[in-house]
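A short worksheet on the structure shown next.
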Ligand SMILES: *Cc1c(COP(=O)(O)O)cnc(C)c1O
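Residue numbers (the working numbering): 591 to 1003.
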């Protein structure tokens, strides 16, 4: 399951710019010698890295295949058509836009396609796992639209469906957004579709996190339900950093124009080629098995953390994501994250539905790409708990992490 070739050692870079080359090697070493538990991260394959580092990076290609504002696009047109074909077939969508530079750009384009400034939008509130683009005052979304937040049940951590329905009826939003940076359960897309239809709203699914699981068949697809699906290609999907938008043919032209020329300029053809490579990988039985293992690992990790005394939000997970309150181990999420970082365990803090303190957010996408399975998840939970409690000595824990990851190099060879 792990990727099997070393990335090209950057000989050219080392000769020309040793200072920068050393930084790259340092980061490669950091990724390989510490434990990557950030839920949004993964290790893309050497083939994806090769496409990213290719001369397609040189090509300017404003517009879409067959209708570019630059000459010489005949080859990159083939690459983009291939990426679009692979995406539509992988997700069973009528249309795919693969030019969005990031998940946030994809959401911006979705809003641009469907909304006008000042429109009302219903989305998961930021304290409950909504993304910055779901109405943060620090983001264009909060500045340009009137966001009404829905939440999760304080006790169960599950989306408060009654509240979603009530708020939709009261505020009659132009769009409803479902999707989160931290929600560990499957989202009930049929429910959101029903509410959107009842109040005449568009449904936007921001599936940045679970889209990779969807590709592998390990999570339900938002495609049959949402008017527009926004996604990233670099999380569980394991492609290059970037965004993607899926929709039906009736919105295809509006979505494409919302990306270019409305919110972006020239497409990044090297990234689009790398997206095509990732979609090709994601269509294989090996990737489907990978996504099942990602979820199996997250379930074991959640159960083991609960066993260690953490309060696991929603009592478990359906996805790659686990969020947990370490308070019963004696510290809040922020202190825990610092201790864990010192021991070489890299993860994020997150909001908690039941408390004002911060929790921990972990994901299993990266460690599963490395080939780790249930046994390693139990070991990680025990290590994590010892470090957070302060019973494991930091230097000793760092050695144990190194010992664990040494057996699972992300880029062997
Ligand atoms: C990751 C994420 C994004 C943004 O992706 P970027 O590529 O960082 O811009 C948007 N929405 C959700 C729900 C996400 O999880």
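Virtual Cβ for every residue (Gly too), placed ideally from N, Cα, C.
All of these numbers come straight from a predicted model, not from anything done at the bench.
N-terminal and C-terminal residue of the beta strand (DSSP E) that residue 821 is part of: 818-822
Let me check you understand the geometry: is the CB of residue 659 closer than 8 Å to at least one non-hydrogen atom of ligand 1? no
Using a Cβ-Cβ cutoff of less than 6 Å, which residues in the same chain neighbour residue 807 once the five nearest sequence positions on both sides are dropped? 878
For the stretch 688-718, list the alpha helix (DSSP H) runs that are entirely contained and at least 4 residues long, ordered along the chain. 693-704
Based on DSSP bridge pairs, tell me the residues matched to residue 939. 950
Assess contact between the stretch 813-824 and the stretch 609-620, defined as three or more Cβ pairs (one per stretch) separated by less than 8 Å. Is contact present? no
When you compare only the Cα positions, how much space is there between residue 709 and residue 757? 15 Å
What residues match up with residue 748 in a beta bridge as DSSP calls it? For residue 748, which the question treats as bridged, DSSP gives no partner whatsoever.
Kindly identify the DSSP beta-bridge partner or partners of residue 737. 711
Shortest alpha-carbon distance to residue 804 belongs to which of 680, 627, 702? 680
Just checking residue 721 against ligand 1 - is the residue's beta carbon closer than 8 Å to any of the ligand's heavy atoms? yes
By Cβ distance, which residues of its chain are closer than 7 Å to residue 992, with the 5 residues on each side in sequence left out? 623, 934
Three-state secondary structure (DSSP) at residue 874? coil
Whole angstroms is fine: what's the gap from residue 886's alpha carbon to residue 802's? 15 Å
Please confirm whether any heavy atom of ligand 1 lies closer than 8 Å to the CB of residue 775. no
Expressed to the nearest angstrom, what Euclidean distance is found between the alpha-carbon atoms of residue 815 and residue 762? 19 Å
With 16 as the cutoff for other CB atoms within 10 Å, does residue 670 come out buried or exposed? buried
Indicate the three-state DSSP secondary structure (helix, strand or coil) for residue 861 in the structure shown. helix
Just checking, does the stretch 778-794 make contact with the stretch 909-928 on the three C-beta pairs under 8 Å criterion? no
Any heavy atom of ligand 1 inside 8 Å of the beta-carbon of residue 938? no
Would you call the stretch 972-992 and the stretch 631-646 touching, i.e. three or more CB-CB distances under 8 Å? no
Extent of the continuous beta strand (DSSP E) run through residue 836: 833-837
Heavy atoms of ligand 1 versus C-beta positions, residues under 5 Å: 692, 693, 694, 721, 769, 771, 796, 798, 799, 822
So what does DSSP say about residue 647, is it helix, strand or coil? helix
Does DSSP put residue 789 in a helix, a strand or coil? helix
Per DSSP, which one or two residues make a beta bridge with residue 722? Beta-bridge pairing links residue 722 to no other residue.
Own chain partners of residue 853 with C-beta closer than 8 Å, once the 5 adjacent residues on each side are dropped: 695, 698, 699, 702
In three-state DSSP terms, what is residue 762? coil
Which residues share a DSSP beta bridge with residue 768? 795
Cβ atoms of residue 712 and residue 738: under 9 Å apart, would you say? yes
Beta bridge counterpart(s) of residue 653 as assigned by DSSP: 658
Is there contact between the stretch 922-942 and the stretch 860-878, where contact requires at least three CB pairs shorter than 8 Å? no
With distances taken between CB atoms, is the gap from residue 782 to residue 771 smaller than 9 Å? no
Proximity of residue 890 and residue 964 at Cβ, strictly below 9 Å: yes
Residue 625 - partner residues in DSSP beta bridges: 935
Member of 862, 944, 899 whose CA lies at the smallest distance from the CA of residue 668: 862
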